[in-house]
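Residue numbers (our numbering): 10 to 154.
These notes are about the structure you will find just below.
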């Protein structure tokens with residue numbers, strides 16, 4: 010599976026920790042769209058880049074990072090076909106996959122530890138899309154843009 014990563018300066022350190030861990034896994038190919046330092050940059054640029062990467066089919070999933078996870082989630086969700094969820098717990102990770110068919114998740118680098126992020130990522134990757142009653146709602150989301 011190919012996963013794209015992107016962050017602003019507030020999520021840079023967490024992105025780097027996640028990238029290191031995911032790159033060690035043989036079942037995951039990681040693409041990193043930046044940023045490459047803690048120098049101030051604008052999260053919309055990186056959220057959009059990751060979203061376009063997933064929407065174009067270059068990666069199956071994406072993980073984005075900013076200081077809170079909120080702004081970069083908003084940016085990613087501006088791209089048609091993207092369903093990005095700001096994840097703050099194992100339950101959110103599971104439900105993002107199962108109910109919302111999230112193809113991108115976001116983390117706040119100032120609020121989520123690397124250990125927690127990696128645990129949430131594993132939950133998200135192993136949780137199955139439930140479809141059924143959620144299919145209609147996700148289709149409605151996809152038609153909004």
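Yeah, the Cβ is synthetic: ideal placement off N, Cα and C, and Gly gets one too.
One thing to note: residue 39 has its Cβ no nearer than 8 Å to the Cβ of residue 24. Residue 93 is positioned such that its CB atom lies no closer than 8 Å to that of residue 106. The Cβ atoms of residue 132 and residue 111 lie no closer than 8 Å to each other. The C-alpha of residue 113 lies about 5 Å from the C-alpha of residue 72.
Collapsing the DSSP output to three states places residue 11 in a strand. The C-beta distance from residue 52 to residue 80 rounds to 5 Å, short enough to fall under 8 Å.
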